[in-house]
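Asks: Mind looking over this structure? Questions follow.
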Amino acid sequence: MSERFPDDCPTLTRDGTTVGFSPSPDGMSLWVWWRDTDDRHTDSEVIGAFPTYEAGVTGALKAIADRDIATAGSEPDPDVVKVEAQFLEKTFTETDWMGLGF
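Here you go:
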């Protein structure tokens, strides 16, 4: 795998910030990582590894919220997490991971 995650990985964008999702190297968890570079993080820097799509979306939304002092520490809306996790699962399973170098 290259030093950065491939452009065609599934992503989630909120408030102008994008995070990406990919399988962990062992295939046992979902990696969530920053998709853009700014003054606080580097493109492809891993946010965390999560056991489920819902946990991954929750982690991604919390990381995005924590970038803003007004929303830091807030919990994502469970209904939003559910919808985003369903969409992520669909996109994730349709992604040609072998074609992306995983």
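No gaps in the numbering here: position 57 of the sequence shown is 57 in UniProt numbering, and each next residue is one more. C-beta atoms are modelled at their ideal positions from N, C-alpha and C, and glycine is treated no differently. Since the model is a prediction, treat every value here as computed from it, not as a measurement.
Suppose contacts are defined by Cβ-Cβ distances below 8 Å. Is residue 29 in contact with residue 5 by that definition?
Replies: Within the sequence shown, the letter at position 29 stands for residue 29. Within the sequence shown, the letter at position 5 stands for residue 5. Result no, Cβ atoms of residue 29 and residue 5 do not sit closer than 8 Å.
Asks: Which ranges would you report for the beta strand (DSSP E) in the UniProt region "Disordered" (1 to 20) if only whole runs of at least 3 residues count?
Replies: Taking only runs of at least 3 residues, the beta strand (DSSP E) segments lying wholly in the UniProt region "Disordered" (1 to 20) are 11 to 14.
Asks: Where does residue 88 fall in DSSP's three states?
Replies: Taking the first residue of the sequence shown as 1, we reach residue 88 at position 88. In the structure shown, residue 88 sits in a helix (DSSP, three-state: H, G or I).
Asks: Between the alpha carbons of residue 81 and residue 9, how many angstroms are there, rounded?
Replies: Taking the first residue of the sequence shown as 1, we reach residue 81 at position 81. Taking the first residue of the sequence shown as 1, we reach residue 9 at position 9. When rounded, the distance between both Cα atoms is 19 Å.
Asks: Counting Cβ pairs, one atom from each stretch, are 3 or more of them under 8 Å apart for the segment 31 to 50 and the segment 92 to 101?
Replies: no
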